[in-house]
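A quick write-up on the structure given underneath.
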Amino acid sequence: MRSLIVSLFLLAAFNLCSAQTAEERIKELGIKLFTPAKPIANYVKAVRTGNLVFTAGHGPGRADGTNIKGRLGDDLNVEEGYEAARVSCISLLSSLKAEIGDLNKVKRIVKVTGMVNSTADFYDQPKVINGCSDLLVDIFGDKGKHARAAVGMISLPSNIAVEIEMIVEIEE
Amino acid sequence: MRSLIVSLFLLAAFNLCSAQTAEERIKELGIKLFTPAKPIANYVKAVRTGNLVFTAGHGPGRADGTNIKGRLGDDLNVEEGYEAARVSCISLLSSLKAEIGDLNKVKRIVKVTGMVNSTADFYDQPKVINGCSDLLVDIFGDKGKHARAAVGMISLPSNIAVEIEMIVEIEE
Amino acid sequence: MRSLIVSLFLLAAFNLCSAQTAEERIKELGIKLFTPAKPIANYVKAVRTGNLVFTAGHGPGRADGTNIKGRLGDDLNVEEGYEAARVSCISLLSSLKAEIGDLNKVKRIVKVTGMVNSTADFYDQPKVINGCSDLLVDIFGDKGKHARAAVGMISLPSNIAVEIEMIVEIEE
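Protein chains in written order, with the working numbering: chain C, 150 to 321; chain Z, 150 to 321; chain R, 150 to 321.
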């Protein structure tokens with residue numbers, strides 16, 4: 150009888166664990182979402198249409214306003230690019246949360262387009278954009294598995310290292 | 150009594166002003182939309198699916214068939230790039246009107262992707278693509294405020310200065 | 150009377166011909182779709198949301214795992230680029246079929262974005278991406294006519310020649 154109770158307890162604990170929400174996981178990872186800076190031009194950070202949200206392209210801007218700048222294959226190595234993609238992802242999720250209020254409403258990360266500031270002979274854009282993809286799957290699990298493009302750009306605004314945009318499906 | 154009449158008049162004038170339609174504003178700006186040239190390949194200028202319209206990438210082609218060509222950071226300066234983005238926007242709106250019949254049906258400009266023909270050290274893509282964004286907000290007001298990406302391309306078809314595409318939500 | 154029968158027969162034959170399905174046309178063209186390789190990162194080849202499928206960016210990877218690599222304007226000419234776009238299209242259709250089960254469910258190819266590994270003075274991205282567009286229209290007829298962007302990239306993953314992504318509307 151006691152072992153049954155223990156088993157049920159463990160099962161409940163496991164379910165609780167596997168049912169961890171996106172918001173809980175973000176907190177557990179120690180990630181601080183922030184209020185997105187107001188765009189300095191006639192555009193916005195995210196637009197919802199029906200149950201899809203289309204985000205603007207987001208660079209690796211941190212809450213304090215600093216950015217990760219430089220070109221992959223020259224100024225930055227893959228690890229630094231990976232970190233830039235991770236920071237861009239946090240910025241994207243900050244804008245998404247500002248738009249929908251609660252990241253637990255995310256039904257699916259549909260598409261990620263990762264544009265990497267690259268030299269002509271830098272071919273590891275996928276390893277860079279993994280910094281965004283890995284975080285999305287860590288936070289959202291299977292709902293975070295997205296279609297993706299990762300490509301090289303000759304230049305990006307203010308020489309930022311990456312610019313990433315997303316399409317996200319939201320619970321109705 | 151007279152001040153009441155004046156107030157009502159001003160209120161009516163204000164409402165009239167704020168209620169100006171997209172088609173009226175286009176006319177007021179002296180912008181001439183045109184019949185889009187037929188694509189010379191197996192694609193079309195715009196496709197509607199549900200209440201979204203996805204446009205093709207549009208360059209700065211004018212009604213007379215001329216184009217604005219050249220690379221930002223080399224052949225063209227920011228002001229010339231801004232003008233190219235504005236011309237591309239007029240071309241996009243021409244194709245959109247051909248698809249949906251009436252631009253007053255636009256519910257929201259959802260997304261703009263602005264691809265700028267750039268040198269490796271040109272970092273002002275946002276200032277260039279403002280030429281499109283500013284016109285959209287001028288014409289559509291808050292409905293024109295879109296999510297946006299602005300990035301640098303090593304080359305564009307026929308060496309055009311910019312190529313811009315849009316996703317637009319239409320009234321059902 | 151005999152001429153009426155002949156006419157009816159020809160009419161029926163014509164209808165049959167024009168009613169050829171996408172799956173039949175793929176078979177007739179001798180195109181072998183294949184099981185897409187599992188992505189080596191935290192992303193997937195296609196995501197369906199509502200009646201839209203967004204694909205990942207696909208390169209010119211063949212069923213045997215080989216790829217068409219090189220830069221247009223340098224390593225590859227337009228004909229080789231066209232072939233690379235055609236091979237990418239077959240890869241895209243393979244992933245699409247894996248996602249939706251039957252390509253006859255395609256209601257419309259909505260959007261194609263063709264990213265071409267290019268030198269700074271290569272301007273024929275449209276002629277390259279025609280390798281994908283032509284095949285889509287050959288297979289799907291009017292349903293295959295899509296909005297399209299064709300642009301030049303400074304570099305692509307593993308130095309592949311093109312990377313193409315699609316948005317596809319599916320019968321509900």
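Ideal Cβ placement from N, Cα and C applies to all residues, glycine included.
Nothing here was measured: the structure is a model prediction, and the numbers come from that model.
(message) Given this structure, state the Cα-to-Cα distance separating Gly293/R from Ile316/Z, to the nearest angstrom.
(response) 19 Å
(message) Taking CB distances under 7 Å as the criterion, tell me whether Lys260/C reaches chain R.
(response) yes
(request) Using three-state DSSP, classify Arg211/C as helix, strand or coil. (result) coil
(request) Report buried or exposed for Asn226/Z, applying the criterion of at least 16 other Cβ atoms within 10 angstroms of its Cβ. (result) exposed
(request) Examine the Cβ distances between the segment 282-302 of chain Z and the segment 278-288 of chain R and report whether three or more of them are shorter than 8 Å. (result) no
(message) Distance check for Ile319/C and Ala234/C, CA to CA, integer angstroms please.
(response) 23 Å
(request) Report yes or no: do the segment 257-268 of chain C and the segment 292-312 of chain C share at least 3 C-beta pairs separated by less than 8 Å? (result) yes
(request) Could you spell out the range, first to last residue, of the beta strand (DSSP E) harbouring Asn200/C? (result) Neither: Asn200/C is in no beta strand (DSSP E) and is coded neither H nor E.
(request) Could you give the DSSP three-state label for Lys294/C: helix, strand or coil? (result) coil
(message) Let's see if you can read the secondary structure: which residues bound the alpha helix (DSSP H) around Arg257/C?
(response) Premise fails: Arg257/C lies in the beta strand (DSSP E), Val255 to Asn266, not in any alpha helix (DSSP H).
(message) Buried or exposed, going by whether 16 or more other CB atoms sit within 10 Å of the CB of Ile175/Z?
(response) It counts as buried.
(message) If you follow the alpha helix (DSSP H) that Ile278/R is in, where does it begin and where does it stop?
(response) Gln274 to Phe289 is the extent of the alpha helix (DSSP H) around Ile278/R.
(request) Check whether the Cβ of Gly206/R lies closer than 7 Å to any Cβ atom in chain C. (result) yes
(request) Give a yes or no on whether the minimum CB-CB distance between Ile309/Z and chain C is below 7 Å. (result) no
(request) Could you please give me the residues that DSSP links to Lys176/R through a beta bridge? (result) Paired residue(s): none; Lys176/R is not in a bridge.
(message) Quick check on the DSSP output: the alpha helix (DSSP H) that includes Ile249/Z runs from which residue to which?
(response) Val227 to Ile249 is the extent of the alpha helix (DSSP H) around Ile249/Z.
(request) Return yes when the C-beta of Asp251/Z is under 6 Å from any heavy atom of the ligand NAP, and no when it is not. (result) What this structure holds is no ligand at all, so the ligand NAP is not there to describe.
(message) Rounding to the nearest angstrom, what Cα-Cα distance links Arg257/Z and Ala296/R in this structure?
(response) 19 Å
(message) Please report the straight-line C-alpha distance between Phe163/C and Glu173/C, rounded to a whole angstrom.
(response) Because Phe163/C carries a pLDDT of 49, less than 50, the predicted location of this residue cannot be relied on, and the following value inherits that uncertainty. Each residue's CA atom was taken as its position, placing Phe163/C and Glu173/C some 15 Å apart.
(message) Looking at the strands, I want to know which residues DSSP matches up with Gly301/C.
(response) Val265/C and Ser304/R
(message) Run through chain Z and tell me which residues come within less than 7 Å of Arg198/C, C-beta to C-beta.
(response) For the record, residue 198/C in the displayed sequence is Thr; it is not Arg. Leu201, Arg257, Val259 and Glu318, listed in chain order.
(message) How far does the beta strand (DSSP E) with Glu312/R in it extend, from its first residue to its last?
(response) Val311 to Ile319
(request) Using a Cβ-Cβ cut-off of 7 Å, state whether Asp251/R counts as contacting chain Z. (result) no
(message) Can you tell me whether Leu221/C is helix, strand or coil according to DSSP?
(response) DSSP places Leu221/C in strand when its eight states are reduced to three.
(request) Determine the direct distance from the alpha carbon of Asn191/R to that of Asp283/C, and round the result to whole angstroms. (result) 6 Å
(message) For the pair the segment 196-214 of chain Z and the segment 233-251 of chain Z, tell me if three or more CB-CB distances fall below 8 Å.
(response) Counting C-beta pairs with one atom in each stretch, the segment 196-214 of chain Z and the segment 233-251 of chain Z have three or more that are closer than 8 Å, which means they touch.
(message) Along the segment 219-250 of chain C, where does the CB come closer than 7 Å to a CB of chain Z? Name the residues.
(response) none
(request) May I ask you to list, following chain order, the residues of the segment 290-309 of chain Z that have a beta carbon less than 9 Å from some beta carbon of chain C? (result) Gly293, Lys294, His295, Ala296, Arg297, Ala298, Ala299, Val300, Gly301, Met302, Ile303 and Ser304
(request) Could you check the C-alpha separation between Lys218/C and Ile309/C for me, to the nearest Å? (result) 4 Å
(message) Is the separation between the beta-carbon of Phe271/C and that of Leu221/C shorter than 7 Å?
(response) yes
(message) Please classify Asn216/Z as buried or exposed, where buried requires at least 16 neighbouring CB atoms within 10 angstroms.
(response) buried
(message) Could you compute how far the alpha carbon of Asp213/C sits from the alpha carbon of Ile313/R?
(response) Computed Cα separation, rounded: 36 Å.
(message) I want to verify the contact list: residues of chain Z whose CB lies under 8 Å from the CB of Lys194/C, in sequence order.
(response) Ala296
(request) Determine the closest residue to Val255/Z out of Glu321/Z, Tyr231/Z, Asp224/Z and Gly230/Z, with distance taken between C-alpha atoms. (result) Nearest C-alpha to Val255/Z: Glu321/Z.
(request) In angstroms with no decimal places, state the Cα-to-Cα distance between Tyr231/R and Asp287/C. (result) 39 Å
(message) Give me the residue from Thr170/Z, Thr268/Z and Leu241/Z with the minimum Cα distance to His207/Z.
(response) Ranking Thr170/Z, Thr268/Z and Leu241/Z by Cα distance to His207/Z puts Leu241/Z first.
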